[in-house]
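J.: Counted the way the UniProt record's numbering counts, the sequence shown spans residues 1 to 247. The beta carbon of each residue, even a glycine, is placed where N, CA and C say it ideally should be.
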Amino acid sequence: MSKIQKPWFIVITPIAPCYSEPNFNSAKVTEAISGESIQVLTQNREWVQVEQDDGYKSWIRNFFGRFADKPFPATHITIHRGKFPFGMRVRLKNEKIISADGQIYPLDQELQPLVLKSDPDRILEISQGLIGCPYRWGGRTSFGFDCSGFVQMVCLVAGIKMPRDSWQQHMAVNNHIIDGKTAKPGDLHFFGKNERVTHVGFSTGGLGIIHCQGTVKEETLERGFSYSNEKLSDIYISTHSIRYNFN
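(1) Please report the straight-line C-alpha distance between N174 and A68, rounded to a whole angstrom.
(2) Does the beta-carbon of Q43 have 16 or more other beta-carbons within 10 angstroms, so that it is buried, or is it exposed?
(3) Per DSSP, P134 forms a beta bridge with which residues?
(4) Apart from the five residues on each side of it in sequence, which residues of its chain come closer than 7 Å, Cβ to Cβ, to Q5?
(5) Tell me the DSSP bridge mates of L188?
(6) With distances taken Cα to Cα, identify the nearest neighbour of Y135 among D146, Q128, G129 and T141.
(7) Where do the N-terminal and C-terminal ends of the alpha helix (DSSP H) with F150 fall, by residue?
(8) Of all the options R45, P113 and D165, which has the alpha carbon lying nearest to the alpha carbon of G159?
(9) Contact check, H189 vs Y244 under 8 Å by CB: the rounded distance?
(10) Do we get a CB-CB distance below 7 Å when we pair I38 with the residues of chain D?
(11) Once the 5 residues before and after E218 are set aside, which same chain residues still bring their CB inside 8 Å of it?
(12) Which whole-angstrom value describes the C-beta separation of I98 and V90, a residue pair presumed to lie in contact below a C-beta threshold of 8 Å?
(13) Using alpha carbons as the reference points, say which of M171, W8, E46 and K28 lies closest to G35.
(14) Per DSSP, I10 is paired with what?
(15) I'd like to check one pair, G87 with M171: are the Cβ atoms closer than 7 Å?
(16) Mark T220 as exposed unless 16 or more other C-beta atoms lie within 10 angstroms of its C-beta, in which case mark it buried.
(17) Report the residue ranges of all beta strand (DSSP E) runs contained in full by the stretch 85-128; include only those spanning at least 3 residues, in chain order.
(18) Look at the alpha carbon of P73 and the alpha carbon of F84, and state the distance between them as a whole number of angstroms.
(19) Would Q103 be called buried (16 or more neighbouring beta carbons within 10 Å of its own) or exposed?
Spelled out as structure tokens, the structure:
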């Protein structure tokens with residue numbers, strides 16, 4: 001391994017796949033998004049091991065970013081689908097968008113400040129704006145989400161820091177379980193087998209759910225409707241209040 005030259009790795013491509021080991025044949029575990037500043041743990045000639053804000057550790061090929069002495073001074077985050085991926089960090093200066101690779105763009109995409117007070121009431125609106133986005137293993141952007149990546153990034157835009165994986169998210173909100181039928185929009189439904197959490201989605205109110213399974217879509221856990229997801233109903237574990245934990 002090479003000596004760490006600079007402590008930060010700043011992603012400059014729209015998406016950077018992250019792997020469990022420093023080779024492309026290993027499992028893809030998550031993604032980093034343009035503008036993310038990630039702490040460097042170790043590196044070799046071609047790969048860098050990093051730790052993201054959520055504590056996730058993985059390996060990224062070094063051509064997906066640049067090394068730096070300090071984080072990229074992002075001020076805003078993209079909140080809709082467009083030419084930039086949902087969740088991209090940018091700097092806003094003089095009514096211009098500055099990306100992590102130094103490119104300057106007109107202010108023609110809706111942004112919001114990167115640091116906000118948590119607002120769970122925004123979760124449903126944000127998530128509904130992503131309906132139709134495809135599923136992608138390890139995905140965290142509108143180019144493709146996995147179930148927990150969808151939850152994590154929607155929460156981020158709503159000012160809530162959520163862990164990366166569904167089982168970690170279950171632990172983060174485990175203090176306050178509620179009746180799924182009384183869930184408010186933005187509360188979390190969890191699924192799995194033998195108490196092992198393998199899937200997560202937001203309540204749209206009660207047993208309604210918006211989640212990423214194939215695509216981002218709205219369904220219900222109630223049986224007997226044309227839009228029921230009975231396979232999910234069969235592996236339902238619990239529902240938890242996001243407001244109790246993050247308001």
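T.: Looking at the atomic coordinates:
(1) Numbered from 1 along the sequence shown, position 174 holds the residue referred to as residue 174. Numbered from 1 along the sequence shown, position 68 holds the residue referred to as residue 68. Answer to the nearest angstrom: the Cα atoms are 37 Å apart.
(2) Along the sequence shown, one-based indexing puts residue 43 at 43. With 16 or more Cβ atoms within 10 Å of its Cβ, Q43 is classed as buried.
(3) Taking the sequence shown and counting its residues from 1, one reaches residue 134 at position 134. Paired residue(s): T215.
(4) Locating residue 5 in the sequence shown gives position 5, where the first residue counts as 1. Same-chain partners within the cutoff: F67.
(5) If you number the sequence shown from 1, residue 188 lands on position 188. BP columns for L188 point to F202 and H240.
(6) Within the sequence shown, residue 135 is the residue found at index 135, counting from 1. Checked all of D146, Q128, G129 and T141; the closest Cα to Y135 is D146.
(7) Position 150 of the sequence shown holds residue 150. Looking at the DSSP string, the run of the alpha helix (DSSP H) that includes F150 is C147 to V157.
(8) Working through the sequence shown from its first residue, we reach residue 159 at position 159. For G159, the nearest C-alpha among the options comes from P113.
(9) Position 189 of the sequence shown holds residue 189. Position 244 of the sequence shown holds residue 244. 15 Å between Cβ atoms; not a contact.
(10) Considering every chain present, this structure includes no chain D. It has just one protein chain.
(11) Here residue 218 is taken as the residue at index 218 of the sequence shown, counted from 1. Around E218: Q128, I131, T204, G208, I209, I210 and Y227.
(12) Mapped onto the sequence shown, residue 98 falls at position 98. Mapped onto the sequence shown, residue 90 falls at position 90. The pair is a contact, with the Cβ atoms about 6 Å apart (cut-off 8 Å).
(13) Within the sequence shown, numbered from 1, the residue matching residue 35 stands at position 35. For the residues M171, W8, E46 and K28, the minimum Cα distance to G35 belongs to W8.
(14) Locating residue 10 in the sequence shown gives position 10, counting from the first residue. I10 is bridged to S37 and R66.
(15) The residue given as residue 171 occupies position 171 in the sequence shown. The residue given as residue 87 occupies position 87 in the sequence shown. Not in contact: M171 and G87 (Cβ atoms no closer than 7 Å).
(16) Along the sequence shown, one-based indexing puts residue 220 at 220. Result: buried.
(17) 89-93, 96-98, 104-106 and 111-113
(18) Translated into the one-based positions of the sequence shown, residue 73 becomes position 73. Translated into the one-based positions of the sequence shown, residue 84 becomes position 84. Their backbone Cα atoms lie some 18 Å apart in a straight line.
(19) Counting from 1 along the sequence shown, the entry for residue 103 is found at position 103. It is exposed - the Cβ of Q103 has fewer than 16 other Cβ atoms within 10 Å.
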